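K.L.:
Take any residue in the sequence shown, note its place counting from 1, add 68, and you have its number in my numbering.
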Amino acid sequence: MWRLTQNEDSLMACTLKAKYFRRCPVLVAKKNQRASYTWSSIFNSKDIIEVGSIWKVGDGKQIHIWEHKWIPTLSDGIPHSGMDRCQNIMWVSDLINPLTCSWDRSLIYHIFSQEDAAHITRIQLRRSIQTDKLIWNLSKDGLYTVRSGLFDQDMR
């Protein structure tokens, strides 16, 4: 599952995407009853990837504010306030000023609690716009290994 999120253009990713998750990202895909043994086996690792990974903010277009883990200094990676104050703001990109490639601090402090806003604005944004990247939160280099995944399972 990890390699599918990191290498979306690989032959395996393209083949599985064509058959099992055409219209959505791999982590949102569902497993149907007629899935192949290969897809079923890969799909079974989805929970491990979701628990141990976090999004590194780039342009914010792939990160859902309330559903994806993206704030590394919060225990669950998701803001705890503000959902009731913003109906139209769903993506992290909505919190970024596209002209300056920096956080829209006034919007963030208007929507979120002081604590959540401080955690969000501490996240460093790159000056050159890059796409968001899913990283493995349980390793220093951000890459998943079977060993780190098994270590995470042992810790639970």
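Ideal placement from N, C-alpha and C gives every residue a C-beta, glycine not left out.
The model shown is predicted, which means the values in this text are computed figures rather than measured ones.
On the three-state DSSP scale, how would you describe lysine 137?
P.N.:
Here lysine 137 sits in coil by DSSP.
K.L.:
As an exercise, report each continuous alpha helix (DSSP H) stretch of at least 4 residues that is fully enclosed by the region 152 to 204, in chain order.
P.N.:
Counting only runs of 4 or more, we get 173 to 179 and 182 to 189.
K.L.:
In the structure shown, what three-state DSSP assignment does isoleucine 117 receive?
P.N.:
DSSP places isoleucine 117 in helix when its eight states are reduced to three.
K.L.:
For leucine 202, count neighbouring Cβ atoms within 10 angstroms of its own Cβ and tell me buried if that reaches 16, exposed if not.
P.N.:
Answer is buried; the Cβ neighbour count reaches 16.
K.L.:
Just the Cα atoms here: how many angstroms apart are isoleucine 117 and aspartate 209?
P.N.:
Near 16 Å, if we compare the C-alpha coordinates of aspartate 209 and isoleucine 117.
K.L.:
Evaluate valine 96 with the Cβ neighbour count: other Cβ atoms within 10 Å of its Cβ, from every protein chain shown; 16 or more gives buried, anything less gives exposed.
P.N.:
Looking at its Cβ environment, which holds fewer than 16 other Cβ atoms inside 10 Å, valine 96 is exposed.
K.L.:
Could you compute how far the alpha carbon of threonine 167 sits from the alpha carbon of glutamine 192?
P.N.:
It should be pointed out that residue 167 corresponds to leucine in this sequence rather than to threonine. Computed Cα separation, rounded: 16 Å.
K.L.:
When the Cα atoms are used, what is the spatial distance from aspartate 200 to glutamine 101?
P.N.:
Computed Cα separation, rounded: 32 Å.
K.L.:
Applying the criterion that 16 or more other CB atoms from any shown protein chain within 10 Å of the CB defines a buried residue, is aspartate 152 buried or exposed?
P.N.:
Exposed: under 16 other Cβ atoms inside 10 Å.
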